[in-house]
Amino acid sequence: MMRRIFAIAGAELRIALRNRWILIATSLMVLFSLALTFAGAAPTGALGVDLLTVSVASMTTLSVYLVPLLALLMSFDAIAGEVERGALALVLTYPVSRGELLLGKLVSHLVVLSLAVFLGFGIAGLAAWLAGGVGGESLAALLRLCWSAVVLGASFLAIGYALSATARSSSAAAGLAIGVWILFVVLYDLGLLGALVYDGGGFFTRKLFPLLLAANPADAFRIFNLSGAGKVALASGLAGATNGLPGWAVLLSMFGWPPAVLALARLALKRVEP
Amino acid sequence: MAAAAEGRDDMLDVRNVVKRQGPRETVKDVSLSLRAGERMALLGHNGAGKTTLIRMILGLTRIDGGSISVFGNRPGDGKARRITSYLPESVVFHKSLSGREQLVLFARLAGQPVDGCMPLLERVGLAEAAHRRVGTYSKGMRQRLGLAQVLLGRPRLALLDEPTSGLDPISRHDFYGIVDDMAAQGTAVLVSSHALTELEARTDRIAILRTGRLVAMDSLENLRRRAGLPIRIRVKAAEGHAAEVAGALGGNRMNGCRVELSCLADQKMARLKAITALGDAVADVDLVPPSLEDLYRYYAAGEAGS
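Order-wise, the sequence lines are chains A and B.
Residue 89 in the working numbering sits at position 89 of the first sequence; the count goes up by one each step and never skips.
Residue 52 in the working numbering sits at position 52 of the second sequence; the count goes up by one each step and never skips.
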């Protein structure tokens, strides 16, 4: 089983390398992280935190948009594209299960994503260190940002597979992926904000809002990184919004989404007639 | 004898299989079986149900009636998949992988040793192009790569869906050479095609599908005999004898000196005697047996009267 998963992952990685996905994803992350690190150099004095702390706060906000986008772009074609090319029919005549196929793709896409995230944020950290703005606490925050960004990516990779297995064509899957991205990283927060204003500090604001916020994997990621470490929270100003939110809710959302949606994707894939 | 011809001895046993797509039956009550080492051509027009039948045998498409057994296994079972190989009608491999990398992936999925890949690529004539990306391959080369993956791990049943469409005559010939080798090693081979040419005629049995129904399944000789298609006899009369020849033999007078007759196989000798009896009035005789195309059209287009 493992051998077949790795065979698929290996081939997918090669493809990602050849069609420049690895290059594009990594350079995008490096560029944005470096830009944010140096743009964040200004307010450090005022807040009394080091350069990397501010940079982690900015990079968290960036990741909320960029990581789901990258993950969806990598995954939307994974099933629908193979069905269209007729490749899935051939692969499924080999003794490989649909679950193994899905896991193989997930492994390769996670490798690409990790490479982009660790290199991108790592170089930003290095730059901050060279500028003399790194402390023990901010380094821990950076590391936390890196691995939680990969977990965030896993959620959206799984969502992309589920869409790809449900959509009738590759282009339909692309449309759905864009829709999901806008829904999760833009509309969801706007909706909550609207409800918050309407509610005016009532039950919704105190009890429901923090839980609903944590239920979205993108927001859970944001809370996890911005309200966790004291100084980053200071730099971001998010701490107030999530008062009264139990710590497990954020972790449950972050780690619950990937396996839950992957199981959905597996179910959808079962019904695909290649 | 009868027991040996039935059941476990068959590599493939398809019984009364039905496939519905909406209200339409696209495969209707089809039964066929293949023994080890047997080559069968599955013929039919586009839309006759060939691909659907093959996909049902592979377990890619659900069966709506009847049963299929692949050497005693259900289609799509792990065991059935291990002993079956498949060449889709239009193989679209990933264009960023090289031919060898693509084949290595298949070998790993099949649990076959990876060092068998280069010899296979050599065998299908892709040794030179093995390290080039599939994106640069011609249609014929992609088809050869598809054939190479069919040969992985010596399958016991090979299902080849229109493997030679779009290939030049020499490639088609090579292709059937490889099919013959596979059969010689005991693989049961089912090759689908939308035409009956000399190559398809070289198989052991020919099955013909018409709008989802199996209208014929037999050896070429038996199909010929059963169709009873007329033999055409072209007689060339000596100069000035055309009217005499046409009068004596009947048939159609084509031009100044040619007369065309047709007769069934069992009347052939009698007709020839009548022709030779005319002596010097006849300059030449040509016998044209029914062509493969005539035969195919007879069954596949329903000229037998459906």
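For every residue, glycine included, the Cβ atom is placed at its ideal position computed from N, Cα and C.
Does any residue of chain B have a CB that is nearer than 8 angstroms to the CB of residue i?
i: residue 18 of chain A; result: yes
i: residue 159 of chain A; result: no
i: residue 165 of chain A; result: no
i: residue 89 of chain A; result: yes
i: residue 26 of chain A; result: no
i: residue 210 of chain A; result: no
i: residue 92 of chain A; result: yes
i: residue 78 of chain A; result: no
i: residue 111 of chain A; result: no
i: residue 11 of chain A; result: yes
Please list, in chain order, the chain B residues whose beta carbon lies closer than 7 angstroms to that of residue i.
i: residue 7 of chain A; result: 105, 108 and 109
Using a C-beta to C-beta distance shorter than 8 angstroms, which residues of chain A count as neighbours of residue i?
i: residue 96 of chain B; result: 14, 15, 18 and 19
i: residue 90 of chain B; result: 86
The beta strand (DSSP E) with residue i in it runs from where to where?
i: residue 70 of chain B; result: 65-70
i: residue 27 of chain B; result: 24-35
i: residue 287 of chain B; result: 282-288
i: residue 10 of chain B; result: 10-21
Below 8 angstroms on C-beta distance, what does residue i contact in chain B?
i: residue 173 of chain A; result: In chain order: nothing, as chain B lies at least about 17 angstroms away.
Can you confirm whether residue i, when its beta carbon is compared against all beta carbons of chain A, has any partner nearer than 8 angstroms?
i: residue 298 of chain B; result: no
i: residue 93 of chain B; result: yes
i: residue 307 of chain B; result: With chain B covering 1 to 306 only, the question about residue 307 of chain B has no answer from this structure.
i: residue 101 of chain B; result: yes
i: residue 78 of chain B; result: yes
i: residue 1 of chain B; result: Here the model assigns residue 1 of chain B a pLDDT of 36, short of 50, so the residue's position is not dependable and the matter cannot be decided.
i: residue 7 of chain B; result: Because residue 7 of chain B carries a pLDDT of 44, less than 50, the predicted location of this residue cannot be relied on, and no value is offered for it.
Which chain D residues are close to residue i, counting only those with a beta carbon under 7 angstroms from its beta carbon?
i: residue 3 of chain A; result: Of the protein chains in this structure, namely A and B, none is chain D.
Against residue i, what residues of chain A qualify as contacts under a CB-to-CB distance less than 9 angstroms, listed in chain order?
i: residue 140 of chain B; result: None at all; the shortest Cβ gap to chain A is about 17 angstroms.
Quick one: which chain B residues come within Cβ less than 9 angstroms of residue i?
i: residue 273 of chain A; result: 55, 60, 61 and 62
Since residue i meets chain A, which of its residues come closer than 7 angstroms, beta carbon to beta carbon?
i: residue 81 of chain B; result: 93, 94 and 95
i: residue 86 of chain B; result: 90 and 93
Start and end of the alpha helix (DSSP H) containing residue i?
i: residue 40 of chain B; result: It is not in any alpha helix (DSSP H) - residue 40 of chain B instead sits in the beta strand (DSSP E) that spans 39-43.
i: residue 12 of chain A; result: 2-18
i: residue 256 of chain A; result: 247-270
i: residue 271 of chain B; result: 268-276
i: residue 225 of chain A; result: 217-226
i: residue 294 of chain B; result: 292-300
i: residue 48 of chain B; result: Run containing residue 48 of chain B: none; DSSP gives neither H nor E here.
i: residue 60 of chain A; result: 51-75
i: residue 264 of chain B; result: No alpha helix (DSSP H) holds residue 264 of chain B; DSSP gives it neither H nor E.
i: residue 37 of chain A; result: 21-39
Every unbroken beta strand (DSSP E) within the stretch 72-150 of chain B, with a cutoff of 3 residues, ordered by chain: 84-87
Segments assigned beta strand (DSSP E), at least 3 residues, entirely inside the stretch 206-261 of chain B: 213-218 and 231-237
Inside the stretch 148-212 of chain B only - alpha helix (DSSP H) runs reaching at least 4 residues: 169-184 and 198-201
Start-end ranges of the alpha helix (DSSP H) lying completely within the stretch 78-145 of chain A, minimum 4 residues: 80-85, 87-91 and 98-130
Runs of alpha helix (DSSP H) lying entirely within the stretch 176-212 of chain A, each at least 4 residues, in chain order: Counting whole runs of 4 or more residues, the stretch 176-212 of chain A contains the alpha helix (DSSP H) stretches 188-199.
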